[in-house]
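> In my numbering, the protein residues as written are 1 to 365.
Each residue gets a CB set at the ideal place from its N, CA and C atoms; glycine is no exception.
My questions all concern the structure below.
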Amino acid sequence: MFTSEVHAVEEPRCTARVDDQRCQISTITKVNPGYKPATTRKVSVILTMVQAWTPYLILLSLAIAQVCATLQTHSLVARLVLCDTTLFVIVMARRLFTKAQENLDLFLRLAGVIAFEALIFVNFTHGLEVLFVEHHDTHMSHIFVIVTLFDVAIKTAFLTFGVFPTLGLTWPRRAVLHYLASFTALALAALDYFYKNPSGVSYLARFDPYCCGIICILLSCITIPIMIKIIPYLLGDIPVSFNVSEFTKTVQAKFPNVSCRHIHAFRQWPNDNFEVIMHVEVSVDQTNADWRTHTQTLIQQMQSELKGILVKAHRITIEPIITNSNASRIDWSPCKERLCETKNMTCCEPHKHLQKKTCDKVDSL
């Protein structure tokens with residue numbers, strides 16, 4: 001397997017004509033230009049962790065406070081305030097894993113949206129149920145109002161300083177996602193406190209289920225597209241800019257003795273980059289004494305050409321099958337080893353028609 005990777009070559013530290021003392025000084029200056037004492041490095045690591053963890057811990061504390069306040073409040077809109085906080089508590093958990101791969105963002109966002117929609121579904125169905133119940137208790141506690149005010153203040157600060165991930169949303173959508181439930185809950189609490197309904201039914205009890213249904217629909221219209229954008233990365237979809245047929249024709253036009261047997265092209269998070277894995281058959285005349293060197297050069301040349309063609313490809317992996325140009329053409333097989341193919345293992349079930357003598361014709365570098 002030949003993988004497109006770049007290796008750094010270390011520059012020599014000193015020349016032979018320099019004496020030992022000067023060589024040692026030159027080496028220290030060259031290799032460690034930004035050397036820092038151990039104490040400084042530890043302080044730098046601690047500051048980085050504090051900077052990454054502090055916003056998350058603040059948001060997590062807010063979520064815990066909202067759960068406690070919601071337990072003392074009987075309001076559907078009040079519960080919706082917790083949905084947005086739960087979403088970003090899950091998404092921003094990435095700050096705790098600074099050394100994890102970028103793919104972790106993908107799964108955290110998907111998990112956050114699923115948890116968000118689960119809470120939306122529960123409150124929406126409960127709101128529909130409340131609409132058909134004549135008598136139901138609805139109230140908001142003072143502690144909930146205080147926690148909601150803190151919720152607005154914290155999320156405003158996080159939005160201002162760019163702490164919240166954008167999730168691919170525009171500013172109006174982000175504002176609706178963060179503030180719609182909070183401001184609606186505060187408005188209903190103020191309406192219920194300052195105005196009394198002559199009929200005896202509080203305004204909070206009257207408007208709470210209707211506001212809950214409207215908010216659930218609006219928030220779902222914002223978050224469901226986030227999930228739709230994530231799914232192609234999970235399913236390994238072919239990037240839009242990559243055309244398999246045209247790419248195969250281009251490769252065969254540049255390298256007549258190379259044929260593409262199988263191509264995997266899938267998108268990579270978070271950008272429009274993608275990875276390509278190619279199973280190619282390289283037909284060479286094995287009667288020549290230097291056919292191995294020639295084949296190695298050909299594959300490296302093909303790899304270099306593909307970098308220019310696939311500019312957005314994050315990685316290009318070529319898995320070649322070297323065949324004799326004078327021998328009959330073989331079928332592509334997903335088997336990694338000859339022994340696997342010969343024993344007819346599970347991974348080779350779609351290719352049971354391949355015979356052992358056919359495998360013996362396959363040569364590799």
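So the alpha helix (DSSP H) A111 belongs to, where does it begin and stop?
Taking the first residue of the sequence shown as position 1, residue 111 is located at position 111. N103 to L131 is the extent of the alpha helix (DSSP H) around A111.
> Going by beta-carbon coordinates alone, are P165 and V240 separated by less than 8 Å?
Along the sequence shown, read from residue 1 onward, the residue named residue 165 stands at position 165. Along the sequence shown, read from residue 1 onward, the residue named residue 240 stands at position 240. Against a cut-off of 8 Å, the Cβ pair of V240 and P165 comes out as no contact.
> In three-state terms, what does DSSP make of I64?
Along the sequence shown, read from residue 1 onward, the residue named residue 64 stands at position 64. It is helical.
> Using a Cβ distance threshold of 8 Å, determine whether the region 220-227 contacts the region 236-250, with at least three qualifying pairs required.
No, the region 220-227 does not touch the region 236-250.
> CA-CA distance, A63 and L204?
Start at 1 with the first residue of the sequence shown, and residue 63 comes out as number 63. Start at 1 with the first residue of the sequence shown, and residue 204 comes out as number 204. Looking at the two C-alpha atoms, the distance is approximately 24 Å.
> Cutting at 7 Å between CB atoms, please list the residues of its own chain near D84, excluding the five before and the five after it.
Start at 1 with the first residue of the sequence shown, and residue 84 comes out as number 84. Counting only Cβ-Cβ distances below 7 Å, and skipping sequence neighbours, we find L177, H178 and A181.
> Are F435 and K312 touching if we call contact CB-CB under 8 Å?
Beyond the ends of the chain as shown, which are 1 and 365, falls residue 435; an answer cannot be given.
> Suppose contacts are defined by Cβ-Cβ distances below 8 Å. Is H264 in contact with V276 by that definition?
Translated into the one-based positions of the sequence shown, residue 264 becomes position 264. Translated into the one-based positions of the sequence shown, residue 276 becomes position 276. Going by C-beta atoms, H264 is nearer than 8 Å to V276.
> Using a Cβ-Cβ cutoff of less than 8 Å, which residues in the same chain neighbour C169 once the five nearest sequence positions on both sides are dropped?
Counting from one through the sequence shown, the residue named residue 169 turns up at place 169. Reading off the sequence, residue 169 comes out as Leu, not Cys. Result list for L169: L177, I222 and I226, in chain order.
> If we count Cβ pairs, one from each stretch, closer than 8 Å, do we get three or more for the region 62-80 versus the region 93-105?
The region 62-80 is not in contact with the region 93-105.
> According to the neighbour-count rule (16 or more other Cβ atoms, all chains shown, within 10 Å of its Cβ), is V192 buried or exposed?
Sequence index remark: in the sequence shown, residue 192 carries index 192 (1-based). Reading the sequence as shown, one finds Asp at residue 192 and not Val. So D192 ends up on the buried side.
> Could you tell me the distance, in whole angstroms, from the CA atom of V89 to the CA atom of S141?
As a first step, residue 89 must be located in the sequence shown, where it is residue number 89. As a first step, residue 141 must be located in the sequence shown, where it is residue number 141. For V89 and S141, the distance between alpha carbons rounds to 24 Å.
> Would you be able to state if there are at least three C-beta pairs under 8 Å between the region 119-132 and the region 211-219?
Taking 8 Å as the limit for Cβ pairs, the verdict is that the region 119-132 does touch the region 211-219.
> Secondary structure at S220, three-state DSSP: helix, strand or coil?
Against the sequence shown, residue 220 aligns to sequence position 220. Reduced to three states, the DSSP call for S220 is helix.
> Going by the beta-carbon positions, is the gap between T184 and V77 smaller than 8 Å?
As a working mapping, residue 184 is identified with position 184 in the sequence shown. As a working mapping, residue 77 is identified with position 77 in the sequence shown. Cβ atoms of T184 and V77: closer than 8 Å.
> Could you tell me which residues DSSP puts in a beta bridge with I277?
Within the sequence shown, residue 277 is the residue found at index 277, counting from 1. The partner list for I277 (beta bridge, DSSP) reads H264 and T317.
> I believe E246 touches M278 by the beta-carbon criterion, under 8 Å. Please report the beta-carbon distance rounded to the nearest angstrom.
The residue you call residue 246 lines up with position 246 of the sequence shown. The residue you call residue 278 lines up with position 278 of the sequence shown. At roughly 14 Å, the Cβ-Cβ gap does not stay under 8 Å, so E246 and M278 are not in contact.
> Just to confirm my understanding: we take I368, look at its own chain, exclude 5 residues before and 5 after, and list those with CB closer than 7 Å. What are they?
The structure shown does not extend to residue 368, since the chain spans only 1 to 365, so no value can be given for it.
> For T86 versus L59, is the C-beta spacing smaller than 8 Å?
If you number the sequence shown from 1, residue 86 lands on position 86. If you number the sequence shown from 1, residue 59 lands on position 59. Contact flag unset, no.
> Quick check on I238: does DSSP put it in helix, strand or coil?
Position 238 of the sequence shown holds residue 238. In the structure shown, I238 sits in coil (DSSP, three-state: anything other than H, G, I, E or B).
> May I ask you to report which of helix, strand or coil DSSP gives V311?
Here the question's residue 311 lines up with position 311 in the sequence shown. V311: coil per DSSP, three-state reduction.
> S283 by DSSP, collapsed to three states: which one?
Residue mapping note: residue 283 aligns to position 283 of the sequence shown, counting from 1. The answer is strand: DSSP assigns S283 an E or B state.
> Determine the closest residue to N324 out of S304, T287 and H139, with distance taken between C-alpha atoms.
The residue labelled residue 324 in the question sits at position 324 within the sequence shown. Closest option to N324, Cα to Cα, is T287.
> What's the gap between the Cα of I217 and the Cα of F194?
Here residue 217 corresponds to residue number 217 of the sequence shown, with the count starting at 1. Here residue 194 corresponds to residue number 194 of the sequence shown, with the count starting at 1. Spanning the two alpha carbons is a distance of roughly 28 Å.
> Buried or exposed: V9, going by 16 or more other Cβ atoms within 10 Å of its Cβ?
As a position in the sequence shown, residue 9 is number 9, starting the count at 1. With a pLDDT of only 38 at V9, under the threshold of 50, the placement of this residue in the model should not be trusted, and no figure is reported.
> DSSP three-state call for T170: helix, strand or coil?
The residue labelled residue 170 in the question sits at position 170 within the sequence shown. T170: coil per DSSP, three-state reduction.
> Quick one: using the 10 Å Cβ neighbour count with 16 as the cut-off for buried, is A253 buried or exposed?
The count along the sequence shown starts at 1 and reaches residue 253 at position 253. So A253 counts as exposed.
> State the DSSP-derived secondary structure class of T138, mapped to helix, strand or coil.
The sequence position of residue 138 within the sequence shown is 138, counting from 1. T138 falls in the coil class under three-state DSSP.
> Going by CA-CA distance only, name the one from T73, A93 and D151 that's closest to A189.
As a first step, residue 189 must be located in the sequence shown, where it is residue number 189. Comparing Cα-Cα distances from A189 to each of T73, A93 and D151, the minimum goes to T73.
> Quick one, which of V258, S259, V251 and R267 has its alpha-carbon nearest L306's?
As a first step, residue 306 must be located in the sequence shown, where it is residue number 306. Of the listed residues, the one whose Cα sits closest to L306 is V251.
> Would you tell me roughly how many angstroms separate the C-alpha atoms of G236 and A289, rounded to the nearest one?
The sequence position of residue 236 within the sequence shown is 236, counting from 1. The sequence position of residue 289 within the sequence shown is 289, counting from 1. Going by the C-alpha atoms only, they are around 42 Å apart.
> Tell me which residues share the same chain as L149 and place their Cβ nearer than 8 Å to its Cβ, disregarding the 5 neighbours each side in the sequence.
Walking along the sequence shown from the start, residue 149 turns up at place 149. For L149, where only same-chain residues beyond five positions count, the Cβ hits under 8 Å are L186.
> Terminal residues of the continuous alpha helix (DSSP H) containing K249?
Locating residue 249 in the sequence shown gives position 249, where the first residue counts as 1. From DSSP, the alpha helix (DSSP H) with K249 extends over V244 to K254.
> In whole angstroms, what is the alpha-carbon distance linking T160 and A175?
Stepping through the sequence shown from its first residue, residue 160 is reached at position 160. Stepping through the sequence shown from its first residue, residue 175 is reached at position 175. Roughly 11 Å separates the two Cα atoms.
> Do L82 and Y56 have their C-beta atoms within less than 8 Å of each other?
Within the sequence shown, numbered from 1, the residue matching residue 82 stands at position 82. Within the sequence shown, numbered from 1, the residue matching residue 56 stands at position 56. No, Cβ-Cβ distance for L82 and Y56 is not below 8 Å.
> Alpha carbon to alpha carbon, how far is L128 from T156? Give it in angstroms, no decimals.
Here residue 156 is taken as the residue at index 156 of the sequence shown, counted from 1. Here residue 128 is taken as the residue at index 128 of the sequence shown, counted from 1. Looking at the two C-alpha atoms, the distance is approximately 31 Å.
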